[in-house]
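Protein chains: 2
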Amino acid sequence: MHSETPSWQKAAQAKRQAILDAIPQKWRIQYDTLPIDVTGEFIQGYLTPREIEITEADAVVITSQTTSGSWSAVEVTEAFCHRAAIAHQLVNCLHEVFFEDAIRVAKELDEHLAATGKPKGPLHGLPVSLKDQFHVKGVDTTMGYVGWIGTYQGKKDDPRHRVTESELVRELRNLGAVLFCKTSVPVTLMSGETTNQIIGYTWNPKNRNLSSGGSSGGEGALLALRGSPAGFGTDIGGSVRIPASFNGIFGLRPCAGRIPYEGAANSIDGQNTILSVIGPLATSIGGLKLLFRAILSQEPWQYDPLSLPLPWREDIEGQTKKLITQKDSTASQLTFGIMRHDGRVKPQPSVKVAMDLMERILRDLGHQVIEWDPKLCREGQEIASETYDMDGGEDLLSHIALSGEAQIPQCSVEPVKHFNAREVAELNVQKREYQKKYLDYWNSTAKLTTTGRPVDAVICPTAPHAAVIPGKYRHTGYTTFINTLDYTSLVVPICCADKHLSSMNERSEFLNELDRKIYEEYDPEIYHGAPIGLQLFGRRLEEEKIIMIAEYLSEKVKVYTGQ
Amino acid sequence: MHSETPSWQKAAQAKRQAILDAIPQKWRIQYDTLPIDVTGEFIQGYLTPREIEITEADAVVITSQTTSGSWSAVEVTEAFCHRAAIAHQLVNCLHEVFFEDAIRVAKELDEHLAATGKPKGPLHGLPVSLKDQFHVKGVDTTMGYVGWIGTYQGKKDDPRHRVTESELVRELRNLGAVLFCKTSVPVTLMSGETTNQIIGYTWNPKNRNLSSGGSSGGEGALLALRGSPAGFGTDIGGSVRIPASFNGIFGLRPCAGRIPYEGAANSIDGQNTILSVIGPLATSIGGLKLLFRAILSQEPWQYDPLSLPLPWREDIEGQTKKLITQKDSTASQLTFGIMRHDGRVKPQPSVKVAMDLMERILRDLGHQVIEWDPKLCREGQEIASETYDMDGGEDLLSHIALSGEAQIPQCSVEPVKHFNAREVAELNVQKREYQKKYLDYWNSTAKLTTTGRPVDAVICPTAPHAAVIPGKYRHTGYTTFINTLDYTSLVVPICCADKHLSSMNERSEFLNELDRKIYEEYDPEIYHGAPIGLQLFGRRLEEEKIIMIAEYLSEKVKVYTGQ
Numbered sequence: 017m018h019s020e021t022p023s024w025q026k027a028a029q030a031k032r033q034a035i036l037d038a039i040p041q042k043w044r045i046q047y048d049t050l051p052i053d054v055t056g057e058f059i060q061g062y063l064t065p066r067e068i069e070i071t072e073a074d075a076v077v078i079t080s081q082t083t084s085g086s087w088s089a090v091e092v093t094e095a096f097c098h099r100a101a102i103a104h105q106l107v108n109c110l111h112e113v114f115f116e117d118a119i120r121v122a123k124e125l126d127e128h129l130a131a132t133g134k135p136k137g138p139l140h141g142l143p144v145s146l147k148d149q150f151h152v153k154g155v156d157t158t159m160g161y162v163g164w165i166g167t168y169q170g171k172k173d174d175p176r177h178r179v180t181e182s183e184l185v186r187e188l189r190n191l192g193a194v195l196f197c198k199t200s201v202p203v204t205l206m207s208g209e210t211t212n213q214i215i216g217y218t219w220n221p222k223n224r225n226l227s228s229g230g231s232s233g234g235e236g237a238l239l240a241l242r243g244s245p246a247g248f249g250t251d252i253g254g255s256v257r258i259p260a261s262f263n264g265i266f267g268l269r270p271c272a273g274r275i276p277y278e279g280a281a282n283s284i285d286g287q288n289t290i291l292s293v294i295g296p297l298a299t300s301i302g303g304l305k306l307l308f309r310a311i312l313s314q315e316p317w318q319y320d321p322l323s324l325p326l327p328w329r330e331d332i333e334g335q336t337k338k339l340i341t342q343k344d345s346t347a348s349q350l351t352f353g354i355m356r357h358d359g360r361v362k363p364q365p366s367v368k369v370a371m372d373l374m375e376r377i378l379r380d381l382g383h384q385v386i387e388w389d390p391k392l393c394r395e396g397q398e399i400a401s402e403t404y405d406m407d408g409g410e411d412l413l414s415h416i417a418l419s420g421e422a423q424i425p426q427c428s429v430e431p432v433k434h435f436n437a438r439e440v441a442e443l444n445v446q447k448r449e450y451q452k453k454y455l456d457y458w459n460s461t462a463k464l465t466t467t468g469r470p471v472d473a474v475i476c477p478t479a480p481h482a483a484v485i486p487g488k489y490r491h492t493g494y495t496t497f498i499n500t501l502d503y504t505s506l507v508v509p510i511c512c513a514d515k516h517l518s519s520m521n522e523r524s525e526f527l528n529e530l531d532r533k534i535y536e537e538y539d540p541e542i543y544h545g546a547p548i549g550l551q552l553f554g555r556r557l558e559e560e561k562i563i564m565i566a567e568y569l570s571e572k573v574k575v576y577t578g579q
Numbered sequence: 017m018h019s020e021t022p023s024w025q026k027a028a029q030a031k032r033q034a035i036l037d038a039i040p041q042k043w044r045i046q047y048d049t050l051p052i053d054v055t056g057e058f059i060q061g062y063l064t065p066r067e068i069e070i071t072e073a074d075a076v077v078i079t080s081q082t083t084s085g086s087w088s089a090v091e092v093t094e095a096f097c098h099r100a101a102i103a104h105q106l107v108n109c110l111h112e113v114f115f116e117d118a119i120r121v122a123k124e125l126d127e128h129l130a131a132t133g134k135p136k137g138p139l140h141g142l143p144v145s146l147k148d149q150f151h152v153k154g155v156d157t158t159m160g161y162v163g164w165i166g167t168y169q170g171k172k173d174d175p176r177h178r179v180t181e182s183e184l185v186r187e188l189r190n191l192g193a194v195l196f197c198k199t200s201v202p203v204t205l206m207s208g209e210t211t212n213q214i215i216g217y218t219w220n221p222k223n224r225n226l227s228s229g230g231s232s233g234g235e236g237a238l239l240a241l242r243g244s245p246a247g248f249g250t251d252i253g254g255s256v257r258i259p260a261s262f263n264g265i266f267g268l269r270p271c272a273g274r275i276p277y278e279g280a281a282n283s284i285d286g287q288n289t290i291l292s293v294i295g296p297l298a299t300s301i302g303g304l305k306l307l308f309r310a311i312l313s314q315e316p317w318q319y320d321p322l323s324l325p326l327p328w329r330e331d332i333e334g335q336t337k338k339l340i341t342q343k344d345s346t347a348s349q350l351t352f353g354i355m356r357h358d359g360r361v362k363p364q365p366s367v368k369v370a371m372d373l374m375e376r377i378l379r380d381l382g383h384q385v386i387e388w389d390p391k392l393c394r395e396g397q398e399i400a401s402e403t404y405d406m407d408g409g410e411d412l413l414s415h416i417a418l419s420g421e422a423q424i425p426q427c428s429v430e431p432v433k434h435f436n437a438r439e440v441a442e443l444n445v446q447k448r449e450y451q452k453k454y455l456d457y458w459n460s461t462a463k464l465t466t467t468g469r470p471v472d473a474v475i476c477p478t479a480p481h482a483a484v485i486p487g488k489y490r491h492t493g494y495t496t497f498i499n500t501l502d503y504t505s506l507v508v509p510i511c512c513a514d515k516h517l518s519s520m521n522e523r524s525e526f527l528n529e530l531d532r533k534i535y536e537e538y539d540p541e542i543y544h545g546a547p548i549g550l551q552l553f554g555r556r557l558e559e560e561k562i563i564m565i566a567e568y569l570s571e572k573v574k575v576y577t578g579q
């Protein structure tokens, strides 16, 4: 019997085509086969030398050119639009394309600079990409749900559709940023891989056998291809950090209350045991810092009821700089914890190589490094899992049900126990007590350091593996316990999996079956070239300190890896 | 048939007697009849001139004497213990009495000062009272529940009982404060009057026909009688502000995250839609500021996972001072909103007198005063009500059930609908949208001010009445909408109900039946002499600004009222 194509498939197909159609014909590409790695020389092949020069500059260099008028906003915008268009055709990383609008905005910025002699703001002329949770005038926000196409968060005929903008978008426009595309996410957002029925699978540009990570996977892939210099993702379990790690870029999970979430779409909105947070991703630590500081300069707490009145704290920046530069005779004044594994799953050999490199750098620089105890990870991971499932899956299932779209294994949801208010409260108490235990542990490290202070930051893997083989992301615990803690965590790119190096690490003993399984799934050939980033984490609301330390360490990593 | 006294009554009676027995025999008093007003001369009659001198000083004067060694900590502590002992015998305001321990601590402080020449901290030798939610070594925490007597929060044989201390207690000890008693609360904490089966009813010291307010009613009454110079209460719906208003003292509801709640007992712990917060109460605004700053100096965020890393912000203090002193030719640089009623219940004539006085002061001082729209109050009040009942009353009922104690009308709980996690999330979304609407409204006032800035603070009643007639607290909406907003609110004492003044305000039209009922319940004779404080509120985390403005205005109020 011949079956009709379901209507959700037709709607998804039409939207997929509409995204492609939004790319100007001149930027459409044809190919028969693609190499495994489509970054660098491969994508450069589609671009002019000038476009390459512009798009391979980071946000700091770009804004230094655009705010001074050396580069026009239009030229910069066109270059990134072109490169983003190609990126999407290579790895499926975009949900919305609005290049014409971007070029119009860029033109206005150029006119503004010409007329006033002043840039509109610190991001004047900087193209910024956004995960498809932010509402931007004139385009959809689907979050990968077929049932959200042509609606406002699934609501048909809602007057806000294609009209309202998220608070972050308003602030970015104020700052002079040029918005030009929205990037792909896994349906439901609750996945470390990016795949949905509309655009399919977002592949890793460095190794197209692998995942770009998730849920801000489109951001990760686009930045890896330099189709955008910087953008914003969100993170409730690792969704900024995982794509950062998998794509060799920088990503910050700030604590709740720093970057305004007001007016953005979300999954399980109103669940407030563990808040999803917005964080910047960028191709350089300078670019990440630029975006973070720029948003704070807009005083988001005046417009977003959940934002905290914390401007960029110059005093903490200064204190951290002093710790970095002020070294006594035997050791620097910064001390680090190193958490080699989370007590449940040890990292694959490739990630161990990255950890060993980082440890060697810290020791070579004279920093005291203490072993960080992983025993508190498990409870944080379990609290996170319970939190995500608290409503029994009702919210996620209701959005999938809008269109009747088929579920995808990596993002599948099934009905589970639905908590009542008292059970939610009990989980909140457990979470607070867990946070207290972790804080006490952190404070206790003052007894172990030569400085007499608790350690300044901790290094740990972002995932047990480099950019993962599709379908093999079995353990997100390296990122989720940080969400339960609401701690600051910044992913710093370290290296890429190297089949020659990592075969050294033979293991015959395992913590448990999952640990064995993930170890056995390490394949030096398939993973070869996959990026690996490590987390550098600090306590609650320590963004300034962690950004400054990341800036310091990433420079050193470059020296060691010869990047 | 003769019925046995239930065991819960026996347990309550034994505890009530144990509290009295903890008061030294020499401080026990006898009386046949008491005057209506037991403050001032009446209570002074039990004290020496030196005790009166000490106990009628505020926390600023006391610490200036004790930190310099002019007054010994022991002498100060003994004076307050004595006065608190009498206060309790007059109005039932204490749950725990630990004077011996206080005097031992005071002795150590005196020795410390003698030995080192330095005070232990900014609160050296200052007696501080605590609402009976804070755990202090050696004594119970009952929160008025009969079933909590001799247990840790209702748990028998819990090793924490009488052993652990709340984080706030630890910090107060670090600061040199002397803890000497815990003050009464209504059973469940969810009431604007203070009454429970253990100590009975906490009467208003200025007018013993009336309530001392709740739920920090024991704090309010004790401070009104100068049995303590300053203390800490908690507030999830007005529980710091109501007793402050009803007792002619200062009380601050800071925003969540300023004063550490870690390790304190609570009702419906883990409900995190609207967080209960801890706030200081004091007999002077200077005393209140001293306590607030002292706690922040302990960096509570290093020990309490829910505290924010916000020290006392000198820059905001300075900016506010500048606004206060910097006046241009026509108007001061501070502008105020005045919210005369909440759109549901107009204040009784006595409170209107207080509002009119405050408005006159503001206008005389040249401040711009704009009418503050009450239309957003109702939604905030409704969200608060739903939040309090979210678990269907289960938590409160479970604690009442421990002993089987009889319910009390003012604190009665009955089972209602129990929300599920999705309904909780929907309420959280509604709350956030409500906060956003209020923020937008506040920002919109920039169009109405001569300064071009939104108004700096708003004045409104704390309750529709002065210290209330028992059983007649029918509308807590003046305080609850502030909790939904998580705004800063500080109660400033203004005046007392005066039967001669308030008869002027005849009303014949009413907003609704409740409004009529509350108006009709105004009795100039009964209410005569009852204190009235007004709220001065600012936005989220504006404590420094609101404290500075309260300091400025309370000085002016004194001038006008001749206090």
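First to last, the sequence lines map onto chains E and S.
Here the numbering used here is used: the first residue of the first sequence is 17, the next is one more, and so on.
Here the numbering used here is used: the first residue of the second sequence is 17, the next is one more, and so on.
Idealized CB from N, CA, C, for every residue including glycine.
These numbers were taken from a predicted model, which means no experiment stands behind them.
**Asked** Which chain E residues are close to Ile284/S, counting only those with a beta carbon under 7 angstroms from its beta carbon?
**Response** Ala441
**Message:** So Tyr599/E and Ile102/E are supposed to be a Cβ contact under 8 angstroms. How far apart are they, rounded?
**Reply:** Here chain E comprises residues numbered 17 to 579, so residue 599/E is not present and cannot be evaluated.
**Request:** Sort Ala75/S, Ala400/S and Ser401/S by Cα distance to Val92/S and report the nearest one.
**Result:** Ala75/S
**Prompt:** Going along the chain, which unbroken runs of the alpha helix (DSSP H) with 4 or more residues stay wholly within the segment 443 to 519 of chain E?
**Reply:** 493 to 501
**Asked** For a contact meaning CB atoms closer than 7 angstroms, what does Glu330/S contact in chain E?
**Response** Per Cβ cutoff of 7 angstroms: no residues; Glu330/S is ~11 angstroms from chain E at best.
**Message:** Within 8 angstroms, do at least three Cβ pairs link the segment 309 to 329 of chain S to the segment 272 to 280 of chain S?
**Reply:** yes
**Prompt:** Hey, how far is the Cα of Phe526/E from the Cα of Ser366/E?
**Reply:** 17 angstroms
**Request:** With 8 angstroms as the limit, tell me which residues of the segment 298 to 331 of chain S have their beta carbon closer than that to any beta carbon of chain E; keep them in chain order.
**Result:** Trp317, Gln318, Tyr319, Asp320, Pro321, Leu322, Leu324, Pro325 and Leu326
**Buried versus exposed, by CB contacts within 10 Å (16 or more), Arg257/S** = buried
**Prompt:** What's the gap between the Cα of Leu381/S and the Cα of Ile562/E?
**Reply:** 48 angstroms
**Item:** Cβ-based burial, Glu387/E [other Cβ within 10 Å; buried from 16]
**Value:** exposed
**Close beta carbons around Gly302/E, own chain, < 8 angstroms, minus the five adjacent residues each side** = Asp74, Ala75, Val76 and Glu567
**Asked** Are the beta-carbon atoms belonging to Ser261/S and Gly229/S less than 8 angstroms from one another?
**Response** yes
**Asked** Does at least one heavy atom of the ligand MN sit under 7 angstroms from the Cβ of Arg44/S?
**Response** The ligand MN is absent from the structure shown, which contains no ligands of any kind.
**Request:** Answer yes or no: do Ile485/E and Ile542/E have a C-beta to C-beta separation smaller than 8 angstroms?
**Result:** yes
**DSSP state of Asp389/S mapped onto helix, strand, coil** = coil
**Item:** Rounded straight-line distance, which links the Cα of Asn288/E to that of Glu398/S
**Value:** 19 angstroms
**Item:** Contact check, Thr71/S vs His140/S, beta carbons under 8 angstroms
**Value:** no
**Request:** Identify every residue that forms a DSSP beta bridge with Arg309/E.
**Result:** None, per the DSSP bridge assignment.
**Own chain, CB closer than 7 angstroms to Ala347/E, minus 5 neighbours either side, in chain order** = Any reading at Ala347/E must be qualified, since the residue scores a pLDDT of 48, below 50, and its modelled position is unreliable; no value is offered.
**Prompt:** Quick one: what does DSSP say Arg224/S is sitting in, helix, strand or coil?
**Reply:** strand
**Prompt:** What does Met406/E reach in chain S if we use C-beta pairs closer than 7 angstroms?
**Reply:** Ala437
**Asked** Within the 8 angstroms Cβ cut-off, does Glu410/E reach chain S?
**Response** yes
**Asked** When the distance is taken between beta carbons, is Asp502/E closer than 8 angstroms to Cys14/E?
**Response** The requested residue 14/E does not occur in the structure, where chain E is confined to residues 17 to 579.
**Request:** Measure how close the beta-carbons of Thr495/S and Gly247/S come, nearest whole angstrom, since I'm counting them as under 8 angstroms.
**Result:** With 8 angstroms as the limit, Thr495/S and Gly247/S do not qualify as a contact, their Cβ atoms being about 19 angstroms apart.
**Prompt:** Counting only runs that start and end within the segment 66 to 110 of chain E, where is the alpha helix (DSSP H) found for 4 or more residues in a row?
**Reply:** 75 to 82 and 89 to 107
**Alpha carbon of Gly420/E to alpha carbon of Trp24/E, nearest angstrom** = 7 angstroms
**Request:** Jot down the residue ranges of each uninterrupted beta strand (DSSP E) in the segment 223 to 284 of chain E, minimum 3 residues, whole runs only, in chain order.
**Result:** 246 to 251 and 266 to 269
**Request:** Could you have a look at Gly396/E and say whether DSSP puts it in helix, strand or coil?
**Result:** helix
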